[in-house]
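In mature numbering (1 follows the signal peptide of the UniProt record, and there is no 0), the protein residues as written are -20 to -1, 1 to 148.
What follows is the structure, encoded as structure tokens:
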């Protein structure tokens, strides 16, 4: 009888917790990855449904433009030590006068560090080409970087991020 009583109490204990409200620990957003898989489906026919979010068979850089990073603004960046062993140096710029002047002033250091440039605010391929002409030995890629702003806690650019320091 005691064993039955213990089982009843255990059952009551666990059933009460099964109705508890779920708590979201972290929601970092993101989007469904389905569109990346739709372009590799086995056979497509003329009658197959069109998927507007599917990644096209061929991508071009122009398809990524314009790039607008809503959380970033041009401004002063206080140096901040970080611990990112093995991370390659990256720098963030936009198509604005402050970024252009910063790129010119820091060009030699960026080349020496073999830094990769993320252009986080740019509208057209012509604007991107103008930035590339200012820094011909550097790789510049158009990238939206709002998630990065949240992760590093900095919302101003231009900046340089190495394995040990975020600085302007």
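All C-beta atoms, glycine included, are put in the ideal place defined by N, C-alpha and C.
Query raised in the report: Just the Cα atoms here: how many angstroms apart are residue 77 and residue 52?
Result: Against the chain shown, residue 77 aligns to sequence position 97. Against the chain shown, residue 52 aligns to sequence position 72. Going from the Cα of residue 77 to the Cα of residue 52 covers about 15 angstroms.
Query - Buried or exposed by the 16-neighbour rule on C-beta atoms within 10 Å, applied to residue 79 - result: Residue mapping note: residue 79 aligns to position 99 of the chain shown, counting from 1. Buried, by the Cβ-count rule.
Query raised in the report: What is the DSSP secondary structure of residue 119, reduced to helix, strand or coil?
Result: Working through the chain shown from its first residue, we reach residue 119 at position 139. In the structure shown, residue 119 sits in a strand (DSSP, three-state: E or B).
Query raised in the report: Can you check whether the CB of residue 125 is closer than 9 angstroms to the CB of residue 98?
Result: For the purposes of this step, residue 98 is taken as the residue at position 118 of the chain shown. For the purposes of this step, residue 125 is taken as the residue at position 145 of the chain shown. It is a contact, given that the beta carbons lie within the stated cut-off.
Query - the region 40 to 52 touching the region 105 to 113, judged by at least three CB pairs closer than 8 angstroms - result: yes
Requested in this report: Measure the alpha-carbon distance for residue 65 versus residue 14 and round it to whole angstroms.
Outcome: Position 85 of the chain shown, counted from the first residue, corresponds to residue 65. Position 34 of the chain shown, counted from the first residue, corresponds to residue 14. Taking the straight line joining both Cα atoms gives about 33 angstroms.
**Report entry** Top-ranked residue by Cα proximity to residue 155, from 72, 112, 100 and 2
**Finding:** Because the chain here runs from -20 to 148, residue 155 falls outside it and cannot be looked at.
Requested in this report: Look at the Cβ atom of residue 136, then the Cβ atom of residue 47, and state whether they are nearer than 9 angstroms.
Outcome: Taking the first residue of the chain shown as position 1, residue 136 is located at position 156. Taking the first residue of the chain shown as position 1, residue 47 is located at position 67. Result no, Cβ atoms of residue 136 and residue 47 do not sit closer than 9 angstroms.
**Report entry** Same chain only: Cβ atoms within 8 angstroms of residue 119, ignoring 5 sequence neighbours per side
**Finding:** Residue 119 sits at position 139 when you count from the first residue of the chain shown. So the list reads 96 and 97, once near-sequence residues are dropped.
Requested in this report: Quick one: using the 10 Å Cβ neighbour count with 16 as the cut-off for buried, is residue 49 buried or exposed?
Outcome: By one-based count along the chain shown, residue 49 stands at place 69. So residue 49 counts as buried.
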